[in-house]
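For the sequence shown, the working numbering gives the first residue as 8, with consecutive numbering after it.
The C-beta atom is built at its ideal place from N, Cα and C for all residues, glycine as well.
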Amino acid sequence: MLVRLAARRSERMMLNAGRGNPNWLALAPRHGFTQLLRFALEESGRVTLAPGMGGLVRGDLTQRFADFSARNEKEAGIDFLCRGLDYAVSELDLERSRLLRELVEAALGCRYPWPDRMLQGCERIVHALLERELFGNDAAAGRFDLFAVEGATAGITYIFNSLAEARLLNKGDRIALGVPIFSPYLEVPRLNDYELTEIEVSQDERRGWQYPAAELEKLRDPSIRAFFVVNPSNPTSVRIDDESLERIARLVRDERPDLVIITDDVYAAFARGFRSLAAVAPRNTILVYSFSKYWGTTGWRLGVVGMHEDSALDRRLREMPEAVREAHRRRYGSIALDPASLKLIDRMVADSRAVGLNHTAGLSTPQQAQMALFALHGLLDSDHAYRDTARGVVKRRFEALYAAAGLAVPDDGHEVYYYATLDMPALARERYGEAFARWLIDTFEPIDFVVRLAEEKSIVLLDGGGFDAPKMSVRVSLANLMEADYARIGSEISRLLADYHGRWRAASRAVTPTPP
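Put into structure tokens, the structure is as follows:
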């Protein structure tokens, strides 16, 4: 609706800062994939079955790849691909010939994904990236099993479906949501599939959008079965601070060893000093990570679900009542000799194909090859050149927005700057006083501000209320426009607020009695 309203003002270019799709993309890993596919096609062409029809690759590819690389050394992507393979061999202890064959066949898409959860070499590479980005290179969290999925939202879908099938979440159970949160995540627990009761664990705007201790104390309630959170947060764009992480970890360790934590860490690479909940409460956490934002890959649909190899949820599955375990044996008996020992993450794989179609489960192999190359790109960024560039892009845009709106840029070390959440009543209170702020809330619908921005200024922002953010707040994505555009957005926000203030002053004068 807002896009249609904004598009009507054809004399002015529409600025859509509503969606989080980045307008940048990482080139090196894409060039690397192009060269990988060129080599793979060359190898397939060696086994000609008929005109225009190649065959499955044969033999050891190591020397032929070295020859291919030498012939094409000046082509974009060759240097990256060679350095990536060298890194995987020297730093991750992967065998060169086996990894090269895995990537070549994956790029060709000529075999079913196997293992169906994730190709072995690709899993090891992505795990190394997660160790660096989410765990701060701290090995104490241990090993995680990874399931390659079609982005974070697919991962969340598979998680909730399998938690319900496993009876780890049942209709009527209570689930805590860290709010504000990505608006579709508010809807999932309410679906007829799950019918969960939501409890809000709320960030405090006055504390830089951190979770107050009193809010986290809600998780002590044993009737709350799971805690679902986005970290760094969307729309408020901050990472959970270390004090809160430790509080949650201590609560899980000492009081709630049965609590399920689901964390979506898609914005982790933009955060300074980031640590995932999976790093501090690893055995209780189901991790979701997506490549979409940092590398500009929303169209590729690349992500992983991760669970600790000794997950507390797997132990709970083994301790279920006999009737439940018998139901599990019936459901998974066709794919496992001992269904009771089947890990939850492997059940997710089967459930993603309604169990009976499990033989064709798994993310497409070309997607997995490209995912591995993105992960290698992150691992090779030892001087943080790409990381600093990506973070700098969103921060400069954030600064342009705030400067034009007349606001000070927050910087306490927790900000991510991918989104900005502007609380318009709070800004009204700070700029024009409490009486005006109260009038603004009482007089207008919560979406009035974003509707007027779209209709009058051709600017599309999202209503913060849809994320359970403060009433009449707006979310600005800093990912998809240029700095000058954000300066214009900031100016128009300030002007529109001034226009509301002018209306309030006029209304106040109209009701003020004229002295005799």
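- Residues of the same chain with a CB within less than 7 Å of the CB of histidine 508, apart from the 5 flanking positions on each side, are Tyr439 and Phe443 in chain order.
- Distance between arginine 338 and glutamine 375, taken at the CA atoms: about 28 Å.
- Where aspartate 271 is concerned, the enclosing beta strand (DSSP E) starts and stops at 267–271.
- In this structure, serine 240 lies near proline 187, with their beta-carbon atoms less than 8 Å apart.
- Taking a cut-off of 8 Å on C-beta distances, the region 324–335 does not touch the region 293–311, as fewer than three cross pairs fall below it.
- Sixteen is the threshold: since fewer than 16 other Cβ atoms of the shown chains lie within 10 Å of the Cβ of glutamine 70, the residue is exposed.
- Assignment of glutamate 222 by DSSP, reduced to helix, strand and coil, places it in the helix class.
- In this structure, asparagine 291 sits near isoleucine 268, with a CB-CB distance shorter than 8 Å.
- The beta-bridge partner set that DSSP reports for tyrosine 426 consists of Ser484.
- DSSP places threonine 396 inside the alpha helix (DSSP H), whose first and last residues are 392–412.
- Going by C-alpha positions, threonine 160 is about 9 Å away from serine 297.
- A buried status is given to alanine 486, since no fewer than 16 other beta-carbon atoms sit within 10 Å of its beta-carbon.
- If you keep only unbroken alpha helix (DSSP H) runs of at least 4 residues inside the region 154–230, you get 159–172, 190–194 and 220–223.
- Taking the Cα positions, glutamate 109 is about 16 Å away from glycine 62.
- About 6 Å separates the Cβ atoms of arginine 227 and glutamate 262, confirming a contact at the 8 Å cut-off.
- DSSP assignment within the region 62–87 yields the following whole alpha helix (DSSP H) runs of 4 residues or more, N-terminal first: 69–78.
- At the C-beta level, serine 169 and methionine 355 come within 8 Å of one another.
- With a 10 Å radius around the Cβ and a threshold of 16 neighbouring Cβ atoms, tyrosine 409 comes out buried.
- The region 140–156 and the region 108–127 touch, with three or more beta-carbon pairs separated by less than 8 Å.
- For the options Thr164, Phe281 and Leu106, the alpha carbon positioned closest to that of leucine 380 is the one of Leu106.
- Unbroken alpha helix (DSSP H) stretches of 4 residues or longer found wholly inside the region 93–156: 103–115 and 127–140, given in chain order.
- The region 337–352 makes no contact with the region 193–201, as fewer than three CB pairs between them are under 8 Å.
- When Met479, Asp475, Val467 and Ser480 are compared, the shortest CA-CA separation from leucine 488 is found for Val467.
- Looking at the DSSP output, histidine 315 sits in a beta bridge with Phe151.
- Restricting attention to Asn28, Glu80 and Ala35, the CA atom closest to the CA of alanine 382 is found in Ala35.
- Annotated as distal: leucine 68 and valine 96, with beta-carbon spacing of 8 Å or more.
- Looking at the backbone, the Cα of glycine 116 and that of isoleucine 206 are separated by about 44 Å.
- For aspartate 470, the beta-bridge partners assigned by DSSP are Val481.
- With distances taken between CA atoms, proline 120 lies nearest to Ser371 out of Ser371, Ala276, Arg336 and Leu44.
- The region 492–499 makes no contact with the region 30–49, as fewer than three CB pairs between them are under 8 Å.
- The region 38–55 makes no contact with the region 389–404, as fewer than three CB pairs between them are under 8 Å.
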